[in-house]
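Here my numbering is used: the first residue of the sequence shown is 5, the next is one more, and so on.
Cβ atoms here follow ideal geometry from the backbone N, Cα and C, with glycine treated the same way.
Treat the numbers as computed from the prediction; the structure is a model and nothing was measured.
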Amino acid sequence: MNTIYLAGGCFWCTEAVFKSLKGVSEVIPGYMGGKVLNPTYEQVCSGETGHAEVIKVIYDESIIKLSDLFEIFFDSHNPTTLNRQGEDVGTQYRSAIFYTTQQQRDVALEAIKKAQKEHDGDVVTQIVPASEFYEAEDYHREYYLKHSNQPYCTVVISPKLEKLQKKFVDKVISS
Numbered sequence: 005m006n007t008i009y010l011a012g013g014c015f016w017c018t019e020a021v022f023k024s025l026k027g028v029s030e031v032i033p034g035y036m037g038g039k040v041l042n043p044t045y046e047q048v049c050s051g052e053t054g055h056a057e058v059i060k061v062i063y064d065e066s067i068i069k070l071s072d073l074f075e076i077f078f079d080s081h082n083p084t085t086l087n088r089q090g091e092d093v094g095t096q097y098r099s100a101i102f103y104t105t106q107q108q109r110d111v112a113l114e115a116i117k118k119a120q121k122e123h124d125g126d127v128v129t130q131i132v133p134a135s136e137f138y139e140a141e142d143y144h145r146e147y148y149l150k151h152s153n154q155p156y157c158t159v160v161i162s163p164k165l166e167k168l169q170k171k172f173v174d175k176v177i178s179s
């Protein structure tokens, strides 16, 4: 099993997307990339900790390739908006790949080149070494699964999952 950390806006969205993929055994929302030890959601939301909302993705490379994860990552958020995803604004919503190996870094750089060709505007996704990961509070885990009828989920997350199901049908777990 391998681990990669991804920041693509709200971790409720990224968790829902990556939990639905074949070969992904676990997705844990959390915080990374900042200067505050053991940050809380409220602290991270202030934008003053330097942390991003991230997901820890544990995956089986024999089932899903890292390059496929990155393709889905770049397709499931807007990597051309700096510190923003839709109405979520702040450095905590930045687009970033936190790698754990040189190979992950190399694959991420290639993925950015590919994503650049598919997006209008410059891809601003950061590629940085993973640092200390802080798990988010329990109520953030499986947020979409537990609150799929909540307005944010129906307006923002559900359409992402529908798009994922259509575009990456061979990578998504059948419901």
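Closest by C-alpha distance to residue i, when choosing among the options
i, options, result
"S162", "T85, F172 and L149", "L149"
"G13", "I177, T44 and I101", "I101"
"F172", "F22, G37, Q107 and M36", "F22"
"N87", "E57, A112, T104 and S29", "E57"
"S50", "E114, Y97 and D79", "Y97"
"L168", "E19, N6, A11 and F137", "E19"
"H55", "K175, T95, Y147 and I8", "T95"
"G90", "K175, D174 and C17", "C17"
"Y103", "H81, L70 and H123", "L70"
Exposed unless 16 or more other CB atoms sit within 10 angstroms - verdict on residue i
i, result
"K60", "buried"
"V93", "exposed"
"L41", "exposed"
"Y35", "buried"
"K170", "exposed"
"P155", "exposed"
"Q108", "buried"
"V159", "exposed"
"S39", "Per the sequence shown, residue 39 should be read as Lys rather than Ser. Exposed, by the Cβ-count rule."
"P133", "exposed"
"G125", "exposed"
"D72", "buried"
"K121", "exposed"
For residue i: DSSP bridge partner residues
i, result
"T7", "I62"
"E57", "Y35"
"V176", "L25"
"G12", "S99"
CB-CB length for residue i against residue j, believed under 8 Å
i, j, result
"I76", "G27", "With 8 Å as the limit, I76 and G27 do not qualify as a contact, their Cβ atoms being about 11 Å apart."
"I131", "L25", "Their Cβ separation, rounded to whole angstroms, is 21 Å, which puts I131 and L25 out of contact at 8 Å."
"A112", "P83", "Contact doesn't hold; Cβ gap of about 11 Å is too wide."
"E30", "I62", "4 Å"
"Y138", "P43", "6 Å"
"T129", "S80", "That pair is no contact at about 12 Å."
"A115", "Y45", "That pair is no contact at about 29 Å."
Q) Which whole runs of the beta strand (DSSP E) in the stretch 16-55 are 3 residues long or more, in chain order? A) 28-36
Q | Entirely enclosed beta strand (DSSP E) segments - the stretch 63-145, minimum 3 residues | A | 99-103 and 130-133
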